[in-house]
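Peer 1:
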Amino acid sequence: MSRSDTAVRSPRQRGGRAAHPFLRYALRRVITSLLLVVGVTLVTFILTNLVPGDPVAAALGQRAAEDPAIVAQFRAQYGLDQPLVVQYFTYLGNLLHGDLGVSTTTHNPVASDLAKALPATLEIAIGAIVLSVIIGVVLGTIAAHRRGKASDHVLRVVSLAGLSVPTFWLALVLYYVFYFQLHIAPGSGRLSSDYTTPPTVTGMYTVDALLVGQLDTFLDAMAHLFLPVLVLTLYTVGLLTRFVRTAVLEVLDQDYVRAARAKGLPGRTVIWSYVLRGASIPILTVVGLAFGSLLSGTVLVEAIFAWPGIGSYAYQAASHLDLPGVMGVGLLIGVMYLLVNLVVDLLYGVLDPRVRLAS
Amino acid sequence: MVFRSTPARVAIAAAAVSLALVATGCASGKTDSADGSTQTLTIDKTFDLKTADPGRMYEPTGQLVDKALYETLLTFEGGDVSKVVDGVASLEQNDAATEFTLTLNGDHTFSDGTVMTADDVVFSLQRVIGLKGNPSFLLDGVTVTKKDDKTVVLTTATPTPALPAILANPALGILNSKVVKENGGTTDETDTAEQYLNTHSAGSGPYVLDSLDLASQVVLTTNDKYDGDKPAFGRVVIQNVEGATQKINVQGGSADIALDLSGTQAEGLGDSVAVTSDPSANVIFLLLNQNPSVSAITSNPDFVKAVKEAIDYDDLVSIAGTGTAQASGVIPSMLLGALPADEKLTQDLDAAKADLAKSGYAGESVTLNFPSDITLNGLDFPTIAQRIQSQLKEIGVNVELAPAPVATELDAYRNGTETIGLWYWGPDYPDPSDYLVFTPGNVVGLRAGWAEGANPAISTLADAAAAGGSTDERQSRFEELQTALNADGPFIPLLQPGNNIAAASKVDNVVYNAVWTLDIAKLGSK
């Protein structure tokens with residue numbers, strides 16, 4: 090019996106009052122994700138506290154760290170004088186109220202720090218993933234379609250190069266060429282220094298500038314997005330091209346594709362309606378993973394382009410042993426990964442009924 | 107209403123955005139420019155910014171920002187930090203350096219128009235003490251009292267000749283007490299004014315705080331009520347940028363000043379950029395642990411002597427690049443009490459080999475600990491450590507490098523458990539008394555396993571230097587102390603890495619100051 094046959098005897102069709110299969114599937118995925126979030130909090134907490142080094146010494150200046158009164162006050166203020174188990178459960182309890190603690194570096198609530206940093210990262214990560222998917226799917230499909238030909242080899246080499254080149258180095262080179270030599274791109278940062286930050290609505294300067302009708306600010310913010318997005322795109326597109334090529338090659342060998350061709354359907358129709366649809370689930374999986382890695386992998390790119398996103402925040406928190414900051418970033422990235430995976434899982438269910446029914 | 111097709115939704119969304127744009131008009135987010143009063147100056151700096159609240163700030167970026175926002179009782183002129191001059195007050199002190207009378211000179215006005223009084227001074231200094239923040243130690247043991255509306259008296263139980271230099275620190279900037287109190291300010295730990303002071307300033311300095319983002323940028327605009335000369339730049343943007351990007355930015359024109367270029371980055375920047383290079387006030391040194399239970403090798407005086415003689419100091423200066431100087435002693439060259447350049451340590455390989463033989467060293471490995479992830483004035487520690495390793499190899503000393511992130515290595519350093527350590531000391535305040543920590547039984551001495559009583563002769567010299575006296579007396583006592591430290595101490599002063607400031611051609615009067623790096627208000631516009 091094939092998996093799809095089970096749909097014939099699904100509870101709803103039998104007249105039962107159970108939820109729609111997709112809803113049950115979605116609910117199960119959401120509950121699993123919530124449990125994983127708790128797991129993420131435990132892992133980040135343990136890892137953060139395993140790091141050798143005294144956060145008090147790192148946070149206080151040389152002189153202040155030698156004053157027992159100041160040290161005691163600091164420990165009490167950040168709850169570091171409590172046993173680790175108590176600290177963890179306090180952390181969990183506070184999390185339920187959306188409280189991620191207070192950064193020992195910035196003295197701000199970690200949640201507000203991250204709320205400010207996340208839109209900056211999302212702005213480049215979304216731009217990069219959209220471009221990467223478009224370019225990666227097109228190039229990967231072309232490579233698969235022309236398997237073994239010169240263009241296939243060239244695309245494979247190019248995608249391998251994209252994956253292998255260190256993003257830090259690539260960012261510096263592109264910055265030097267496009268900004269300094271060619272004057273095509275603006276300087277670092279999210280806006281030129283003679284522009285004021287648009288009023289915060291989403292935290293994404295391009296969107297916020299549009300919302301208040303500051304077209305010149307919008308264009309300046311877009312121009313500043315160009316290089317960081319390009320670097321991240323070059324990094325991600327290599328991965329996607331290779332993966333799409335493999336996925337498309339597998340589908341090209343399927344009987345239903347051969348049948349479609351045998352019927353005389355135009356090549357474009359076969360590719361878009363049959364091949365890519367068939368390859369969509371593996372492609373979706375890798376897009377989800379790539380987006381997650383973009384979020385956590387922007388540290389060096391953000392450093393080069395003076396981009397105040399979560400990558401910069403993570404680096405700053407880690408180098409100052411800012412435990413609440415490190416845990417906050419770890420949790421945020423973990424949750425973003427889970428969210429992306431959840432969305433991908435749910436899309437599986439939409440794209441392929443066998444998935445939701447099998448689960 | 108149900109929109110069934112995706113194109114329909116897209117069209118509606120596009121129309122909504124268009125409507126919003128039409129409704130709001132096409133505003134501009136650009137600031138005024140072109141005329142001198144609103145000319146923007148952009149400064150690239152690698153941030154270590156935690157706050158703009160003077161009572162809690164003690165990092166270089168904070169000093170740079172707060173110097174522009176707040177005036178201090180006393181100050182320094184230009185780059186000369188060896189001599190204190192009047193700030194908002196003039197100073198009279200007793201011979202014992204235990205009583206300091208500060209009289210406000212003229213009418214200094216805060217940015218809201220309020221005139222500064224002795225009450226503001228007392229509140230500001232007492233707040234720094236009471237907050238128990240990073241800069242609190244500056245006023246350890248100091249009592250602040252108001253004598254009259256224009257006069258404040260500071261008293262200390264023991265001689266504190268460094269206090270005038272300390273009072274020039276931007277962390278001791280004078281706040282508008284009325285405004286700060288209205289926003290949660292107190293003189294104890296219940297103070298909640300930091301948030302206010304991170305969004306507004308409450309000072310009498312040449313600039314006011316327009317906006318502050320600890321991660322990305324600080325924007326300053328001029329203070330119309332400032333008592334002194336109007337700054338050349340009406341708007342200043344200080345942005346957080348890494349060193350490698352700073353170089354490209356200042357060359358390309360998107361930044362006017364780059365503050366964190368290494369010696370090698372500062373070379374060959376082209377004609378459009380002027381570089382001001384000075385030795386910084388940071389001193390990079392080696393410590394050799396004197397505690398035999400930590401290391402029988404490094405606690406041997408002949409071994410210490412051999413290492414001092416084996417190091418090629420000129421080579422270290424050359425790899426550090428523009429602006430770098432060999433440190434003559436632990437006190438940097440621009441401070442009172444610095445040793446003359448001709449008394450610095452020099453390489454003598456024959457003597458080194460002889461002393462090493464005398465020490466009984468038999469080729470064992472000795473560990474060199476250093477922070478692997480910090481750069482100081484663009485100079486990274488692993489480069490220096492590797493060079494020292496190869497230099498000591500020449501006389502037969504086997505050094506094993508042990509890099510670690512600064513956050514973790516600090517523990518071993520502070521606990522005095524490193525065999526050989528490579529570290530630096532930046533002055534807490536520009537006075538030689540800050541360097542008494544390098545003597546037996548004191549903070550850095552203990553980190554080198556040098557306990558109280560380990561070298562009575564040096565302790566006697568340190569006591570004499572601490573006692574105060576005239577400027578000349580202090581100069582000679584601190585010189586004497588450092589000569590003895592160079593001869594018999596466990597520290598090897600290596601470098602004062604160069605502080606390189608690159609400025610675009612439109613900016614002049616760039617002067618490096620060891621306390622606040624740059625006085626932004628004193629910069630000129632060509």
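Residue numbers (this note's numbering), protein chains in the order written: chain A, 90 to 448; chain B, 107 to 632.
All C-beta atoms in this analysis are idealised placements derived from N, C-alpha and C, irrespective of residue type, glycine included.
1) Find the residues of chain A that neighbour Lys156(B), judging by a C-beta separation of less than 8 Å, and give them in chain order.
2) Under 8 Å by Cβ, that's how I've got Pro438(B) and Gln602(B) pegged, so tell me the actual separation to the nearest angstrom.
3) Restricting to runs no shorter than 4 residues, where is the alpha helix (DSSP H) found entirely within the stretch 447-512 of chain B?
4) Quick check on Ile393(A): buried or exposed, where buried means 16 or more other Cβ atoms within 10 Å of its Cβ?
5) According to DSSP, simplified to helix, strand and coil, what is Tyr180(A)?
6) By DSSP, does Asp254(B) sit in helix, in strand, or in coil?
7) Using 8 Å as the cut-off, can you tell me whether the stretch 516-524 of chain B makes contact with the stretch 421-428 of chain B, which would need three or more C-beta pairs spanning the two stretches below that distance?
8) Quick one: using the 10 Å Cβ neighbour count with 16 as the cut-off for buried, is Lys189(B) buried or exposed?
9) May I ask you to report which of helix, strand or coil DSSP gives Asp418(B)?
10) Measuring only the C-alpha atoms, how far is Phe394(B) from Pro407(B)?
11) Less than 8 Å between C-beta atoms, sequence neighbours within five positions excluded: which residues of the same chain meet that for Ser565(B)?
12) To the nearest angstrom, how far is it from the Cα of Arg117(A) to the Cα of Leu125(A)?
13) Pick helix, strand or coil for Leu341(B), following the three-state DSSP scheme.
14) Does Phe111(A) have its Cβ less than 8 Å from a Cβ in chain B?
15) Leaving out the 5 sequence neighbours to the left and right, which residues in its chain are closer than 8 Å to Gly377(A) when beta-carbon positions are compared?
16) Indicate whether at least one CB of chain B lies closer than 8 Å to the CB of Tyr114(A).
17) Would you mind sorting Ser134(B) into buried or exposed? The rule is 16 or more other CB atoms within 10 Å of its CB.
18) Could you check whether the Cβ of Ser399(B) sits closer than 8 Å to any Cβ belonging to chain A?
19) Restricting to Cα atoms, I'd like to know which of Glu579(B), Phe584(B) and Leu591(B) is closest to Pro562(B).
20) For a minimum of 3 consecutive residues, which ranges assigned as the beta strand (DSSP E) are wholly contained in the stretch 196-271 of chain B?
21) Under the DSSP definition of a beta bridge, which residues are partnered with Ala364(B)?
22) Quick check: the Cα distance between Asp456(B) and Tyr467(B), rounded to an integer number of angstroms?
23) For Ala368(A) and Gln495(B), what's the separation of their Cα atoms in angstroms?
24) Listing by chain order, which chain A residues have their CB less than 9 Å from the CB of Arg520(B)?
25) According to DSSP, which residues form a beta bridge with Ala380(B)?
26) For Ser681(B), decide whether its Cβ has a neighbour in chain A, counting only Cβ atoms nearer than 8 Å.
27) Cα separation between Thr223(B) and Tyr402(A)?
28) Could you tell me which of Leu329(A), Gln162(A), Val359(A) and Leu328(A) sits nearest to Gln343(A), measuring between CA atoms?
29) Does Leu319(A) have its Cβ less than 8 Å from a Cβ in chain B?
30) Would you mind giving the Cβ-Cβ distance between Trp531(B) and Val621(B), rounded to the nearest angstrom? I have them listed as a contact below 8 Å.
31) Could you give the C-beta distance for Gly417(A) and Leu203(A), rounded to a whole number, given that I count them as a contact under 8 Å?
32) So is Ile120(A) buried or exposed if we call it buried at 16+ other beta carbons inside 10 Å?
33) Nearest-angstrom Cα distance between Ser401(B) and Asn475(B)?
34) Between the stretch 235-253 of chain A and the stretch 267-279 of chain A, do at least 3 Cβ pairs fall closer than 8 Å?
35) Whose C-alpha, out of Leu629(B), Ala610(B) and Leu147(B), is nearest the C-alpha of Ala344(B)?
36) Report yes or no: do the stretch 347-362 of chain B and the stretch 164-174 of chain B share at least 3 C-beta pairs separated by less than 8 Å?
Peer 2: So, from the listed chains and residues:
1) Start at 1 with the first residue of the second sequence, and residue 156(B) comes out as number 50. Correct list: Thr194, Thr195 and His196.
2) Position 332 of the second sequence holds residue 438(B). Position 496 of the second sequence holds residue 602(B). Yes, Pro438(B) and Gln602(B) are in contact; Cβ-Cβ is about 5 Å, under 8 Å.
3) Runs found: 455-465 and 487-499.
4) The residue labelled residue 393(A) in the question sits at position 304 within the first sequence. Label assigned to Ile393(A): buried.
5) By one-based count along the first sequence, residue 180(A) stands at place 91. DSSP places Tyr180(A) in helix when its eight states are reduced to three.
6) Within the second sequence, numbered from 1, the residue matching residue 254(B) stands at position 148. It is a strand residue.
7) These segments do not touch.
8) Here residue 189(B) refers to the residue found at position 83 when the second sequence is read from its first residue. With fewer than 16 Cβ atoms within 10 Å of its Cβ, Lys189(B) is classed as exposed.
9) For the purposes of this step, residue 418(B) is taken as residue 312 along the second sequence, with counting starting at 1. Of the three classes helix, strand and coil, the one that applies to Asp418(B) here is coil, per DSSP.
10) Indexing the second sequence from 1 puts residue 394(B) at position 288. Indexing the second sequence from 1 puts residue 407(B) at position 301. Note that residue 394(B) corresponds to Leu in the displayed sequence, not to Phe. So the alpha carbons of these two residues sit roughly 10 Å apart.
11) Within the second sequence, numbered from 1, the residue matching residue 565(B) stands at position 459. Correct list, in chain order: Thr545, Pro546, Gly547, Glu558 and Gly559.
12) Counted from its first residue, the first sequence places residue 117(A) at position 28. Counted from its first residue, the first sequence places residue 125(A) at position 36. C-alpha separation (whole angstroms): 12 Å.
13) In the second sequence, counting from the first residue as 1, residue 341(B) sits at position 235. Before going on, a small fix: residue 341(B) reads as Arg here, not Leu. Strand at Arg341(B).
14) For the purposes of this step, residue 111(A) is taken as the residue at position 22 of the first sequence. No, because no Cβ of chain B sits closer than 8 Å to the Cβ of Phe111(A).
15) Counting from one through the first sequence, the residue named residue 377(A) turns up at place 288. Answer for Gly377(A): Val429, Asn430, Val432 and Val433, listed in chain order.
16) Residue 114(A) sits at position 25 when you count from the first residue of the first sequence. Not one beta carbon of chain B lies nearer than 8 Å to the beta carbon of Tyr114(A).
17) Your numbering for residue 134(B) matches position 28 in the second sequence. Per the 10 Å Cβ criterion, exposed.
18) By one-based count along the second sequence, residue 399(B) stands at place 293. The C-beta of Ser399(B) comes no closer than 8 Å to any C-beta of chain A.
19) Locating residue 562(B) in the second sequence gives position 456, where the first residue counts as 1. Answer by Cα proximity: Leu591(B).
20) 205-210, 248-254 and 257-262
21) Here residue 364(B) refers to the residue found at position 258 of the second sequence. Bridge partners of Ala364(B): Asp150(B) and Ala608(B).
22) The residue labelled residue 456(B) in the question sits at position 350 within the second sequence. The residue labelled residue 467(B) in the question sits at position 361 within the second sequence. Taking the straight line joining both Cα atoms gives about 16 Å.
23) Mapped onto the first sequence, residue 368(A) falls at position 279. Mapped onto the second sequence, residue 495(B) falls at position 389. Distance between the alpha carbons of Ala368(A) and Gln495(B) is about 56 Å.
24) Taking the first residue of the second sequence as 1, we reach residue 520(B) at position 414. In chain order: Asp143, Ala146, Gln151, Ala154 and Glu155.
25) As a first step, residue 380(B) must be located in the second sequence, where it is residue number 274. Its beta-bridge partners are Ala609(B).
26) With chain B represented from 107 up to 632, any question about residue 681(B) goes unanswered, as that position is not in the structure.
27) If you number the second sequence from 1, residue 223(B) lands on position 117. If you number the first sequence from 1, residue 402(A) lands on position 313. Their Cα atoms are separated by approximately 41 Å.
28) On the first sequence, residue 343(A) is found 254 positions in, with the first residue counted as 1. Nearest C-alpha to Gln343(A): Val359(A).
29) Taking the first residue of the first sequence as 1, we reach residue 319(A) at position 230. Not closer than 8 Å to any Cβ of chain B, the Cβ of Leu319(A) fails to qualify, so no.
30) Residue mapping note: residue 531(B) aligns to position 425 of the second sequence, counting from 1. Residue mapping note: residue 621(B) aligns to position 515 of the second sequence, counting from 1. At roughly 15 Å, the Cβ-Cβ gap does not stay under 8 Å, so Trp531(B) and Val621(B) are not in contact.
31) Taking the first sequence and counting its residues from 1, one reaches residue 417(A) at position 328. Taking the first sequence and counting its residues from 1, one reaches residue 203(A) at position 114. Confirmed, about 6 Å.
32) In the first sequence, residue 120(A) corresponds to position 31, counting from 1. So Ile120(A) ends up on the exposed side.
33) To locate residue 401(B), count along the second sequence from 1; it is residue 295. To locate residue 475(B), count along the second sequence from 1; it is residue 369. Taking C-alpha positions only, Ser401(B) is separated from Asn475(B) by approximately 13 Å.
34) no
35) Residue 344(B) sits at position 238 when you count from the first residue of the second sequence. According to the sequence shown, residue 344(B) is Ile rather than Ala. The shortest C-alpha separation from Ile344(B) is found at Leu147(B).
36) no
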